[in-house]
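See below for the structure under consideration.
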Amino acid sequence: MRAGIFKETYPELVRLTDSMPVKVWSILLVLGASLLPALVGSYALSFGTTIVITSIGVVGLNLLTGTCGLISLGHAGFMAVGAYGAGIMALDYGWSAIPAILVGGFAASLSSLLVGVPSLRLKGLYLAITTLAFTVIVTHLILNMPQLTRGSAGLFMPVADLMGIEMKSTGAFYLFALALAVLAVLGVLNLMRSRVGRAFLAIREQDIAAEMMGIHLARFKLLAFAISAFYTGIAGALFAYQVRYINVDSFGLLLSIEALGIIIVGGLGSVAGAVIGTVFMTLLPEGIRILFDLLGAGLQEIFSTRALELRGLIYGAVIILVLRFQPEGLIGIWREVRRIWTNWPFRY
Amino acid sequence: MNYLIALIAAGLATGAIYGLVAIGFAIIYKATGIINFAQGEMVMLNAYLGLSIATFSGVGFWALVPLVILASILVGLAVEFLLVRPMLGEPAISIVMMTVGLAVCLRSLVILIWGAEPQVLPVHPAEDVVQILGARLYSTQILAIVCLALVVVGFFVFYRHTRAGLAMRASSSNETVALLMGIDVRRIYALAWGLASVTGGLAGLLVATIYELGPDMFAFGLRSFPAVILGGLDSAIGAAVGGAIIGVLENLGEGYIGRGLKEIVGFVVILMVLMVRPYGMFGTRDVERV
Numbered sequence: 001m002r003a004g005i006f007k008e009t010y011p012e013l014v015r016l017t018d019s020m021p022v023k024v025w026s027i028l029l030v031l032g033a034s035l036l037p038a039l040v041g042s043y044a045l046s047f048g049t050t051i052v053i054t055s056i057g058v059v060g061l062n063l064l065t066g067t068c069g070l071i072s073l074g075h076a077g078f079m080a081v082g083a084y085g086a087g088i089m090a091l092d093y094g095w096s097a098i099p100a101i102l103v104g105g106f107a108a109s110l111s112s113l114l115v116g117v118p119s120l121r122l123k124g125l126y127l128a129i130t131t132l133a134f135t136v137i138v139t140h141l142i143l144n145m146p147q148l149t150r151g152s153a154g155l156f157m158p159v160a161d162l163m164g165i166e167m168k169s170t171g172a173f174y175l176f177a178l179a180l181a182v183l184a185v186l187g188v189l190n191l192m193r194s195r196v197g198r199a200f201l202a203i204r205e206q207d208i209a210a211e212m213m214g215i216h217l218a219r220f221k222l223l224a225f226a227i228s229a230f231y232t233g234i235a236g237a238l239f240a241y242q243v244r245y246i247n248v249d250s251f252g253l254l255l256s257i258e259a260l261g262i263i264i265v266g267g268l269g270s271v272a273g274a275v276i277g278t279v280f281m282t283l284l285p286e287g288i289r290i291l292f293d294l295l296g297a298g299l300q301e302i303f304s305t306r307a308l309e310l311r312g313l314i315y316g317a318v319i320i321l322v323l324r325f326q327p328e329g330l331i332g333i334w335r336e337v338r339r340i341w342t343n344w345p346f347r348y
Numbered sequence: 001m002n003y004l005i006a007l008i009a010a011g012l013a014t015g016a017i018y019g020l021v022a023i024g025f026a027i028i029y030k031a032t033g034i035i036n037f038a039q040g041e042m043v044m045l046n047a048y049l050g051l052s053i054a055t056f057s058g059v060g061f062w063a064l065v066p067l068v069i070l071a072s073i074l075v076g077l078a079v080e081f082l083l084v085r086p087m088l089g090e091p092a093i094s095i096v097m098m099t100v101g102l103a104v105c106l107r108s109l110v111i112l113i114w115g116a117e118p119q120v121l122p123v124h125p126a127e128d129v130v131q132i133l134g135a136r137l138y139s140t141q142i143l144a145i146v147c148l149a150l151v152v153v154g155f156f157v158f159y160r161h162t163r164a165g166l167a168m169r170a171s172s173s174n175e176t177v178a179l180l181m182g183i184d185v186r187r188i189y190a191l192a193w194g195l196a197s198v199t200g201g202l203a204g205l206l207v208a209t210i211y212e213l214g215p216d217m218f219a220f221g222l223r224s225f226p227a228v229i230l231g232g233l234d235s236a237i238g239a240a241v242g243g244a245i246i247g248v249l250e251n252l253g254e255g256y257i258g259r260g261l262k263e264i265v266g267f268v269v270i271l272m273v274l275m276v277r278p279y280g281m282f283g284t285r286d287v288e289r290v
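Order-wise, the sequence lines are chains A and B.
So the first sequence is residues 1 to 348, counted in the numbering used here.
So the second sequence is residues 1 to 290, counted in the numbering used here.
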């Protein structure tokens, strides 16, 4: 049994991981994920792509809400800005995918300053409502600037291309998105072990105290917004390339709520939790559909006519149940299992 | 000039509904420190319950009102007892997210039970057009304004002159001390949820008579957010005033500036108000000690 782990130098303390199994399993996980196109059909792969893209956005939201403690209901807005930014670049200016996606990300980042500035004076739920206002205003602007955004007609996206080669197959696009997601996760993990990450945590715990400790509140809150929106903008741009058609209805308030639901189910403030939550919540409706299929034709019929409502009902119920019985989220279960595993046969 | 008065009058009527919904937000925030994101959905649920009660019992409109109030109280108490009470002591964000989950659930539930098609309430109060200061208003719109005024007066009296109101103010100012003074804080919470649900039920009934019953009624909750932020989250009277102001501004924006502005005027206004007064017009400033 291990008596404890002793860190003797500062770099050792902030290392990403010092455990060999974690490294091995992470690499195996990425390898396994990148083999997915060879293993499953295009229907299942579309879930894979959705999960990968959603986790980029959710990791971004988690950085803001979970790590920095600023509740945002505006991420659907950032996603819309990212999607339209990339879409307009690709369609009207013929940019290729990577620069277009980056433009989407930076556009979302810039727009986040609009919400970030009021956030310097607002606390908690007031901020949530302000970010909500941002989503509403973005939707309105998209609808009423048709010369730029084509208004309610929406954008028909071209096929994503990488250095002149079109990613025609879903597998290629999945791998592209996966690569970006891995970069995104590594980026956040490294951010978290820097001064910036620790500043975010301090702000979450008690922002006035953090300010006393020499953290420039305005700078770091705006930075949290900008990074978070950048991630979400990238997710939005990828989403646009994935579904190939976007309009304002794709970015309703429900999207922000679903994203918050994911980070709560996964476990607030944890990157791994955000990813696990994404996998769980994306596959949940499909799992329930399969369950209904097994239960018989009558239920199957209800599902086909009222699929959206049932999905909403279950989504809400899962959020409530997790909050009620597992406030730490799915990552909490994992931590518990790991604790029991290490300490067995002792309780602690 | 007539156009202006007409816009303001119609805006006041819509604003009255916003005000009623917003008072619900404010009561719960004042008592428990959370925003009930399911308020709009409770408005919708209570209105649909009203529809079912009216269909099954066949009572007239004025007899329906107390029945809806009763049903609303039950809904509010049920939510408080089943969902909020077990989570007391959790951080505020958890309880707020629980109400978000509840909102998503209720939205689907209403469609699953009552269907997605808009419906009409079978009973109506007598409807004529009334002329006030050159503005023509439906009597139902005037009913909305009167209803808001009565509710505001009611809450003013309640907070100032009743034991329960005093207890509610005490527990919102300091929960622990209130508990030590012998106030049953859990009962105060239940009372707050019940009252908020009632103002929601009244708003729902008004929406059902002025417009129609539809599964998109929850949007009134969303559009009342600016009202309660403008008034200050912890002030019921402020929420009512905020509702009236937002309603009028929406109409003026739509009438003078451009179409489609109606949806966003409120949100633009609160963005600007919050820059200047982060705690709203009537809200109390939060003094924080580290």
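All residues carry an ideal CB built from backbone N, CA and C; glycine is no exception.
Listed in chain order, the non-local C-beta contacts of Ala236 of chain B below 8 Å within the same chain comprise Ile23, Ala26, Ile27, Lys30, Val152, Phe155, Tyr159, local neighbours out to five positions each way being set aside. For Asp161 of chain A, the beta-bridge partners assigned by DSSP are A:Glu166.
Within the segment 185-230 of chain A, the complete alpha helix (DSSP H) runs of at least 4 residues fall at 195-205, 207-212. For Phe282 of chain B, no CB of chain A lies under 8 Å from its own CB, so it is not counted at the interface with that chain. When the alpha-carbon of Gly60 of chain A is set against those of A:Gly154, A:Pro37, A:Leu180, A:Thr130, the nearest one is in A:Leu180.
Val21 of chain B: not part of any beta strand (DSSP E); member of the alpha helix (DSSP H) spanning 2-32, first to last residue. Within the same chain, Ala90 come within 6 Å of Pro158 of chain A by CB-CB distance, once the 5 residues on both sides are set aside. With a threshold of 8 Å between beta carbons, Phe267 of chain B makes contact with chain A.
Judged by DSSP in its simplified three-state form, Val153 of chain B adopts helix. Using a Cβ distance threshold of 8 Å, Gly76 of chain B and Ala196 of chain B count as a contacting pair. Leu120 of chain A carries a coil assignment under DSSP once its states are collapsed to helix, strand and coil. When secondary structure is reduced to three states using DSSP, Phe106 of chain A falls in the helix class. For Ile51 of chain A, the uninterrupted alpha helix (DSSP H) segment begins and ends at 42-62. One Cα belongs to Gly287 of chain A, the other to Ser169 of chain A, and the distance between them is close to 25 Å. In the structure shown, Arg347 of chain A adopts coil according to DSSP, grouped into three states. As a beta-bridge residue in DSSP terms, Gln119 of chain B pairs with B:Leu213. Here the alpha carbon of Leu180 of chain B sits roughly 21 Å from the alpha carbon of Pro86 of chain B. Between the segment 247-267 of chain A and the segment 20-27 of chain A, the count of Cβ pairs shorter than 8 Å is below three; the stretches do not touch. Across the structure, Ala160 of chain A and Ile88 of chain A are spaced so that their CA atoms are roughly 13 Å apart.
Residue pairing by DSSP puts Tyr245 of chain A in a beta bridge opposite A:Phe156.
Listed by position along chain B, the residues whose Cβ is nearer than 8 Å to that of Arg121 of chain A are Leu274, Met275, Pro278. Not a single C-beta of chain B is nearer than 8 Å to the C-beta of Gly269 of chain A. For Tyr315 of chain A, the enclosing alpha helix (DSSP H) begins and ends at 307-325.
Separation of the CB atoms of Ala108 of chain A and Val81 of chain A is rounded to 5 Å, and the pair is thereby assigned contact status at 8 Å. DSSP places Leu252 of chain B inside the alpha helix (DSSP H), whose first and last residues are 236-252. With a cutoff of 8 Å on beta-carbon distance, Leu63 of chain A and Met97 of chain B are scored as not near each other. The residues Pro125, Glu127, Thr209, Ile210, in chain order, have a CB closer than 7 Å to that of Thr140 of chain B in the same chain once the five nearest residues on each side in sequence are set aside.
Against Ser108 of chain B, the close residues of chain A are Arg306, Leu308, Glu309, Leu310, Arg311, Gly312, Leu313, Ile314, Tyr315, Gly316, in the order they occur along the chain (beta-carbon pairs closer than 9 Å).
Annotation for Arg136 of chain B: the continuous beta strand (DSSP E) segment containing it runs 135-138. Bridge pairing for Ile132 of chain B: B:Ala135 [DSSP]. Close CB contacts of Ile331 of chain A within its chain, under the 7 Å cut and outside five residues either way in sequence, are with Gly266, Gly267, Ser270, Ala272, Gly273, Ile276 (chain order). With a beta-carbon spacing of about 6 Å, Leu45 of chain A and Pro37 of chain A fall inside the 8 Å limit used to define contacts. Along the segment 225-242 of chain B, the positions whose C-beta sits under 8 Å from a C-beta of chain A are Phe225, Pro226, Ile229, Leu233, read in chain order.
Burial state of Ile246 of chain A is buried, judged by a 10 Å Cβ sphere holding 16 or more other Cβ atoms. Under the Cβ criterion of 8 Å, Pro146 of chain A is not counted among the residues facing chain B.
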